[in-house]
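Participant: Below are the structure tokens for one structure; questions will follow.
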DNA sequence: CCCCTTGAAATTGGATCCATCTTCTGGGAA
DNA sequence: TTCCCAGAAGATGGATCCAATTTCAAGGGG
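Listed below in structure tokens is the structure:
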């Protein structure tokens, strides 16, 4: 068979750690011990080391030589610039993806948005929000672009969660409204409009997020 | 001592492979055998595996499970979008970096440009051109942004070299002129102008590069 | 003549053991 | 009391051996 029967251990370990980091189970700044992870996930230390490299490539952790790996702690300016990167890159991904979006893609996008509007749990909301945006970029056909966007989402995930906790559930209705505008522009195949709404969506979040100094470690 | 006495083997192997890939010694499409690299660089296979992960994170190679690693072959559209990503990201890096550039940075930038104008060998030219642009971004203070830019340069390096080989040495004078405009704008602390010149610089290269279908594999 | 199967060789992935580096703790001296 | 140094413990980095997967070639059947 041409399909691997069992997933590689390093990929499994990376998947587990990825979920734990994105869900905030592993908080920024805490060291990730190879042996602890190994015995907890039932693997040797070697695939754990490979997994840490994978997660480094995804922008989820940073590795310090002979020290270990941990989820990086970002200051306010860093998060702000990461959001400015999103403002510039994601519209490109959206415009490149839009012409190639098929009927099944649109169904999936609308379905995700309906789930977002119905969901209550914050963890699920964040995962669905992420899945929604990535779905709109999924047809761009450029792996490097999609990977870069994922890295930006990964690096900022912790602060997005902290912000949404602070902002409360009513903040989600802003998100939902802006998502609807994007879907509408995609429906009309209007790239200019889609780009405009997406930039506004990201920029608004950046501004509101940055306005909370208590989310960041720096003075 | 707080400084590591000897560099980690995986870092050394990664450095060697990185140079070989950027210089075109390892061409896109060819498989990179772990054992071959290991004995050639005097290390075990394990640090080679770590090195391949490092290079994957840098956008230089792609790893296929149970298959191996190789420098990816890009089609024309992929290279075009990568350049569009550069057009959007590098101006941000430049604007964020410019206010923090000190006197030593400016000296280094001017020195690099003088070297570029004097150099003859294509390999050195490409390395200096890369160093020049990265130097102008070096004060932005956002690791993630700089890393992303480096990945874009890495991924497109092969096609930049192939293009410059085709275009001939007189093409370099266009580069030098545009570099001078950027330096001038930085001197005046005019972010708008610097951004404008940089976008033009990248866009011109993209257009001329894309105009050579013989550089790409696709139909 | 072509295609499928089968087996061996080559290559990658994983486990265990050892070396090296970092860090923490305890003791001693100013 | 405080600072510094030495030594032990813990963690990461590396080497070797073994298992699983892929690839390629040879042989048989349609």
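Protein chains in written order, with my numbering: chain A, 708 to 926; chain B, 708 to 926.
The C-beta atom is built at its ideal place from N, Cα and C for all residues, glycine as well.
Just so it is clear, the structure is predicted and the values come from calculations on it, not from any experiment.
Between residue 788 of chain B and residue 890 of chain A, is the Cβ-Cβ spacing less than 8 Å?
Facilitator: It is not a contact, given that the beta carbons lie outside the stated cut-off.
Participant: For a cutoff of 8 Å on Cβ pairs, would you count residue 761 of chain A as touching chain B?
Facilitator: It does; some Cβ of chain B falls within 8 Å.
Participant: Give the straight-line distance between the Cα atoms of residue 753 of chain B and residue 745 of chain B, rounded to the nearest whole angstrom.
Facilitator: When rounded, the distance between both Cα atoms is 8 Å.
Participant: Skipping 5 residues on each side, what residues in its chain have a beta carbon closer than 6 Å to that of residue 775 of chain A?
Facilitator: Result list for residue 775 of chain A: 738, in chain order.
Participant: Closest to residue 797 of chain B by CA distance: which of B:770, B:819, B:843 is it?
Facilitator: Selected option, being the one with the closest Cα: B:843.
Participant: Applying the 10 Å Cβ sphere with the 16-neighbour rule, what's the burial state of residue 873 of chain A?
Facilitator: Residue 873 of chain A should be labelled exposed.
Participant: Along the chain, where does the beta strand (DSSP E) that runs through residue 777 of chain A open and close?
Facilitator: First-last of the beta strand (DSSP E) with residue 777 of chain A: 775–777.
Participant: Considering residue 657 of chain B, what are the terminal residues of the alpha helix (DSSP H) in which it resides?
Facilitator: For residue 657 of chain B there is no data in the structure shown, the boundaries of chain B being 708 and 926.
Participant: In chain B, what lies closer than 8 Å to residue 766 of chain A by C-beta?
Facilitator: By Cβ distance, chain B contributes 851.
Participant: Taking only runs that begin and end inside the region 831–858 of chain A, name each unbroken alpha helix (DSSP H) of 4 or more residues, in chain order.
Facilitator: DSSP runs (the alpha helix (DSSP H)) wholly in the region 831–858 of chain A: none.
Participant: Quick check: residue 871 of chain A and residue 833 of chain A, are their CB atoms within less than 8 Å of each other?
Facilitator: In contact: residue 871 of chain A and residue 833 of chain A (Cβ atoms closer than 8 Å).
Participant: Counting only Cβ-Cβ distances shorter than 7 Å, please list the residues of the region 850–876 of chain B near chain A, keeping chain order.
Facilitator: Within the region 850–876 of chain B, the residues whose Cβ lies closer than 7 Å to some Cβ of chain A are 851, 852, 855, 862, listed in chain order.
Participant: Starting from residue 912 of chain B, trace the alpha helix (DSSP H) in both directions and tell me its first and last residue.
Facilitator: Its alpha helix (DSSP H) spans residues 898–917.
Participant: When you compare the CB positions of residue 777 of chain A and residue 768 of chain A, do they come within less than 8 Å of one another, or not?
Facilitator: A contact, by the Cβ cut-off of 8 Å.
Participant: Rounded to a whole number of angstroms, what is the C-alpha to C-alpha distance between residue 868 of chain B and residue 831 of chain B?
Facilitator: C-alpha separation (whole angstroms): 11 Å.
Participant: Can you tell me whether DSSP reads residue 863 of chain A as helix, strand or coil?
Facilitator: Helix.
Participant: Please confirm if the region 846–860 of chain B is in contact with the region 884–903 of chain B, defined as three or more CB-CB distances below 8 Å between the two stretches.
Facilitator: Not touching, per the Cβ criterion.
Participant: List the residues of chain B that residue 803 of chain A touches, going by C-beta distances under 7 Å, in chain order.
Facilitator: Simply 788.
Participant: Looking at residue 786 of chain B: is its Cβ nearer than 8 Å to the Cβ of residue 916 of chain B?
Facilitator: Yes; because the gap between Cβ atoms is below 8 Å, this pair is in contact.
Participant: According to the neighbour-count rule (16 or more other Cβ atoms, all chains shown, within 10 Å of its Cβ), is residue 720 of chain B buried or exposed?
Facilitator: The residue in question, residue 720 of chain B, is buried, as its Cβ has 16 or more Cβ neighbours within 10 Å.
Participant: Leaving out five residues before and five after residue 717 of chain A in sequence, what residues of the same chain have Cβ atoms less than 6 Å from its Cβ?
Facilitator: The answer, listed in chain order, is 754, 757, 758.
Participant: What do you reckon, are the CB atoms on residue 766 of chain B and residue 913 of chain B nearer than 8 Å?
Facilitator: Their beta carbons are not under 8 Å apart, which means residue 766 of chain B does not touch residue 913 of chain B by this criterion.
Participant: Along the alpha helix (DSSP H) that carries residue 746 of chain B, what are the first and last residues, could you check?
Facilitator: Unbroken alpha helix (DSSP H) run through residue 746 of chain B: 741–747.
Participant: Could you give the distance in angstroms between the alpha-carbon of residue 847 of chain A and the alpha-carbon of residue 839 of chain A?
Facilitator: If you take the alpha carbons of residue 847 of chain A and residue 839 of chain A, they lie about 15 Å apart.
Participant: Assign residue 929 of chain B to one of three DSSP states: helix, strand, or coil.
Facilitator: This structure cannot settle anything about residue 929 of chain B, because the visible part of chain B is limited to 708 through 926.
Participant: How would you write the range of the beta strand (DSSP E) that residue 769 of chain B sits in, first residue to last?
Facilitator: That run of the beta strand (DSSP E) goes 769–771.
Participant: Taking the CB atoms as reference points, tell me whether residue 795 of chain A and residue 799 of chain B lie closer together than 8 Å.
Facilitator: Their beta carbons are under 8 Å apart, which means residue 795 of chain A touches residue 799 of chain B by this criterion.
Participant: Hey, would you say residue 828 of chain A sits closer than 8 Å to residue 924 of chain A, going by beta carbons?
Facilitator: In this structure, residue 924 of chain A does not lie closer than 8 Å to residue 828 of chain A by Cβ.
Participant: Taking CB distances under 8 Å as the criterion, tell me whether residue 922 of chain B reaches chain A.
Facilitator: Closer than 8 Å: no.
Participant: If the cut is a Cβ gap below 7 Å, which residues of chain B does residue 833 of chain A touch?
Facilitator: Per Cβ cutoff of 7 Å: no residues; residue 833 of chain A is ~20 Å from chain B at best.
Participant: Rank A:762, A:714, A:921, A:892 by C-alpha distance to the C-alpha of residue 727 of chain A and give the top, closest one.
Facilitator: Considering only alpha carbons, the answer is A:762.
Participant: Do residue 883 of chain A and residue 826 of chain A count as a contact pair if the criterion is CB distance below 8 Å?
Facilitator: Result no, Cβ atoms of residue 826 of chain A and residue 883 of chain A do not sit closer than 8 Å.
Participant: If the cut is a Cβ gap below 8 Å, which residues of chain B does residue 799 of chain A touch?
Facilitator: Those within 8 Å of residue 799 of chain A in chain B are 788, 791, 792, 795.
Participant: Out of A:864, A:835, A:909, A:837, point me to the one whose CA is closest to residue 734 of chain A's CA.
Facilitator: Checking every option, the nearest Cα to that of residue 734 of chain A belongs to A:864.
Participant: Pull up the CB-CB distance for residue 894 of chain B and residue 845 of chain B, whole angstroms please, since I reckon it's below 8 Å.
Facilitator: 16 Å between Cβ atoms; not a contact.
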